[in-house]
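Read the structure below first, then the notes.
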Ligand SMILES: [Zn+2]
């Protein structure tokens, strides 16, 4: 089977209904975190809903619902930015990303959903689990087979990014760079300034030959030492990690990390796989 070709991200219409990241503590009583990806379908299959119809529906103020992505075989649209909170699954909103897939669930639709999962995991962690809407609320959404989505997403990531299924390796190595997708109007200088790095660094990491020529939709590597995607996000403890080491890695003090992690009562006792919140820099 050939690798699914990721279509360009459509951003012409976006959803007006979402909670900005910085409002999370006030609205949800918790900081924004990304712990799970919810796979939805955008309507019941027998109604044969369309991609454009769904984009238009979620772009309406009166809909009072949203999702991060809408995908089907050959198309993908971003309705809400990843770090903002889409309104798709009540109590799960603050800690999740959401993908709405075409309910017809063709092989191509599965490939589209899986590729989107791989893109999200690449940004937020290779071990991000998948869940159904009905895991959190009473609904028939969705009929996607999550084991299949997971399998295809890992195969896609392995083929496209060379990502192993076991997550990142080498606890002591520097965190891998994360990926920024160029938006219309971006310049490399502006992106470098925004993430506190240099044009040369991004160009070198991303194999950009001519820094004056970047294209919308192009993926650039941003050194993660400097600044990650807008925090807060969740870090999973790996073997050999210490709390002070984690704090150091992200440029915080142990005290700053402890302040947002009520669950950590003894900083000398953290467990492999445990989730540690990393505070926002904003
Ligand atoms: Zn749903």
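Numbering (my numbering), first residue to last: 1253 to 1534.
C-beta: ideal position from N, C-alpha, C; glycine also.
(request) Tell me residue 1337's beta-bridge partners as DSSP assigns them. (result) Indexing the chain shown from 1 puts residue 1337 at position 85. Residue 1337 pairs with 1271.
(request) Ignore the nearest five residues each way along the sequence and tell me which others in residue 1489's own chain have a CB closer than 7 Å to its CB. (result) If you number the chain shown from 1, residue 1489 lands on position 237. 1522, 1523, 1524, 1525, 1526 and 1528.
(request) Can you tell me which of the three DSSP states residue 1388 falls into? (result) Taking the first residue of the chain shown as position 1, residue 1388 is located at position 136. DSSP places residue 1388 in coil when its eight states are reduced to three.
(request) Within 10 angstroms of the Cβ of residue 1372, are there 16 or more other Cβ atoms? Answer buried if so, exposed if not. (result) As a working note, residue 1372 is residue 120 in the chain shown. It is buried - the Cβ of residue 1372 has at least 16 other Cβ atoms within 10 Å.
(message) For ligand 1, I want to know if residue 1300 counts as a neighbour, meaning its beta carbon is within less than 7 Å of at least one of the ligand's heavy atoms.
(response) Within the chain shown, the letter at position 48 stands for residue 1300. Checking the Cβ of residue 1300 against ligand 1 gives no.
(request) Please report how far the alpha carbon of residue 1430 lies from the alpha carbon of residue 1475, in whole angstroms. (result) To locate residue 1430, count along the chain shown from 1; it is residue 178. To locate residue 1475, count along the chain shown from 1; it is residue 223. Rounded to the nearest angstrom, the two C-alpha atoms are 7 Å apart.
(message) Cutting at 6 Å between CB atoms, please list the residues of its own chain near residue 1432, excluding the five before and the five after it.
(response) Within the chain shown, numbered from 1, the residue matching residue 1432 stands at position 180. If we look at residue 1432 and ignore the five residues flanking it on each side, its Cβ neighbours are 1472 and 1474.
(message) Given this structure, state the Cα-to-Cα distance separating residue 1396 from residue 1333, to the nearest angstrom.
(response) Numbered from 1 along the chain shown, position 144 holds the residue referred to as residue 1396. Numbered from 1 along the chain shown, position 81 holds the residue referred to as residue 1333. Each residue's Cα considered, the two are about 23 Å apart.
(message) Just to confirm, is the Cβ distance from residue 1370 to residue 1408 under 8 Å?
(response) Taking the first residue of the chain shown as 1, we reach residue 1370 at position 118. Taking the first residue of the chain shown as 1, we reach residue 1408 at position 156. A contact, by the Cβ cut-off of 8 Å.
(request) Count the other CB atoms, across all protein chains shown, that sit within 10 Å of the CB of residue 1276; report buried if there are 16 or more and exposed otherwise. (result) Here the question's residue 1276 lines up with position 24 in the chain shown. Residue 1276 is buried by the Cβ-count criterion.
(message) Mapping the DSSP letters down to three states, classify residue 1309 as helix, strand or coil.
(response) For the purposes of this step, residue 1309 is identified with residue 57 of the chain shown, where counting begins at 1. Helix at residue 1309.
(request) Could you name the residues of the same chain whose beta carbon sits closer than 7 Å to that of residue 1468, not counting the 5 residues immediately before and after it, in chain order? (result) In the chain shown, residue 1468 corresponds to position 216, counting from 1. Excluding sequence neighbours, residue 1468 sits near 1434, 1435 and 1436.
(message) With DSSP as the reference, identify every bridge partner of residue 1348, one or two as the case may be.
(response) What you label residue 1348 is simply residue 96 of the chain shown in a count that begins at 1. Per DSSP, 1288.
(message) What does the Cβ neighbour count give for residue 1404, buried or exposed, with the cut at 16 atoms within 10 Å?
(response) By 1-based counting over the chain shown, the position of residue 1404 is 152. By the 10 Å Cβ count, residue 1404 comes out buried.
(message) For residue 1454, report the span of its alpha helix (DSSP H) as first-last.
(response) Residue 1454 sits at position 202 when you count from the first residue of the chain shown. It spans 1451-1458 - the alpha helix (DSSP H) in which residue 1454 sits, taken as one unbroken run.
(message) On the DSSP letters alone, give me the boundaries of the alpha helix (DSSP H) that residue 1368 sits inside.
(response) Counting from 1 along the chain shown, the entry for residue 1368 is found at position 116. Run containing residue 1368: 1359-1376, per the alpha helix (DSSP H) assignment.
(request) Run the proximity test for residue 1453: is its beta-carbon closer than 7 Å to any non-hydrogen atom belonging to ligand 1? (result) Here residue 1453 is taken as the residue at index 201 of the chain shown, counted from 1. Because no heavy atom of ligand 1 lies under 7 Å away, the Cβ of residue 1453 does not count as near it: no.
(request) Please state if the CB of residue 1367 and the CB of residue 1340 are separated by a distance shorter than 8 Å. (result) Here residue 1340 is taken as the residue at index 88 of the chain shown, counted from 1. Here residue 1367 is taken as the residue at index 115 of the chain shown, counted from 1. Not in contact: residue 1340 and residue 1367 (Cβ atoms no closer than 8 Å).
(message) Taking 7 Å as the cut-off, is the beta-carbon of residue 1266 closer than that to any non-hydrogen atom of ligand 1?
(response) Start at 1 with the first residue of the chain shown, and residue 1266 comes out as number 14. Incorrect: residue 1266 has no Cβ contact closer than 7 Å to ligand 1.
(request) Starting from the N-terminal end, write out each residue whose C-beta falls within a distance shorter than 5 Å of any non-hydrogen atom of ligand 1. (result) 1292, 1385 and 1393
(request) Kindly indicate which three-state DSSP category residue 1279 falls into: helix, strand or coil? (result) Here residue 1279 refers to the residue found at position 27 of the chain shown. Residue 1279 falls in the helix class under three-state DSSP.
(request) Kindly list the residues whose CB is nearer than 7 Å to the CB of residue 1291, restricted to its own chain and excluding five residues on each side of it in sequence; keep chain order. (result) The residue you call residue 1291 lines up with position 39 of the chain shown. Contacts found: 1351, 1353, 1365, 1382, 1384, 1394, 1396, 1398 and 1401.
(message) I believe residue 1463 touches residue 1440 by the beta-carbon criterion, under 8 Å. Please report the beta-carbon distance rounded to the nearest angstrom.
(response) Residue numbering aside, residue 1463 sits at position 211 when the chain shown is read from its first letter. Residue numbering aside, residue 1440 sits at position 188 when the chain shown is read from its first letter. The pair is a contact, with the Cβ atoms about 5 Å apart (cut-off 8 Å).
(request) Verify whether the separation of the beta carbon atoms of residue 1313 and residue 1361 is less than 8 Å. (result) Here residue 1313 refers to the residue found at position 61 when the chain shown is read from its first residue. Here residue 1361 refers to the residue found at position 109 when the chain shown is read from its first residue. Result no, Cβ atoms of residue 1313 and residue 1361 do not sit closer than 8 Å.
(request) Give the single residue among 1337, 1510, 1456 and 1345 whose Cα lies nearest to the Cα of residue 1388. (result) By 1-based counting over the chain shown, the position of residue 1388 is 136. Out of 1337, 1510, 1456 and 1345, 1345 has the C-alpha closest to the C-alpha of residue 1388.
(message) Alpha carbons only, please: which of 1327, 1331 and 1315 is nearest the one belonging to residue 1321?
(response) Within the chain shown, the letter at position 69 stands for residue 1321. It is 1331.
(message) Which residues does DSSP list as the beta-bridge partners of residue 1382?
(response) The sequence position of residue 1382 within the chain shown is 130, counting from 1. In DSSP, residue 1382 forms a bridge with 1289.
(message) For the alpha helix (DSSP H) containing residue 1441, name the first residue and the last one.
(response) Indexing the chain shown from 1 puts residue 1441 at position 189. Residue 1441 -> alpha helix (DSSP H) spans 1440-1446.
(request) Look at the alpha carbon of residue 1297 and the alpha carbon of residue 1359, and state the distance between them as a whole number of angstroms. (result) Working through the chain shown from its first residue, we reach residue 1297 at position 45. Working through the chain shown from its first residue, we reach residue 1359 at position 107. The straight-line gap from Cα to Cα measures roughly 15 Å.
(message) Among 1443, 1379, 1355 and 1447, whose alpha-carbon lies nearest the alpha-carbon of residue 1415?
(response) The residue labelled residue 1415 in the question sits at position 163 within the chain shown. Checking every option, the nearest Cα to that of residue 1415 belongs to 1379.
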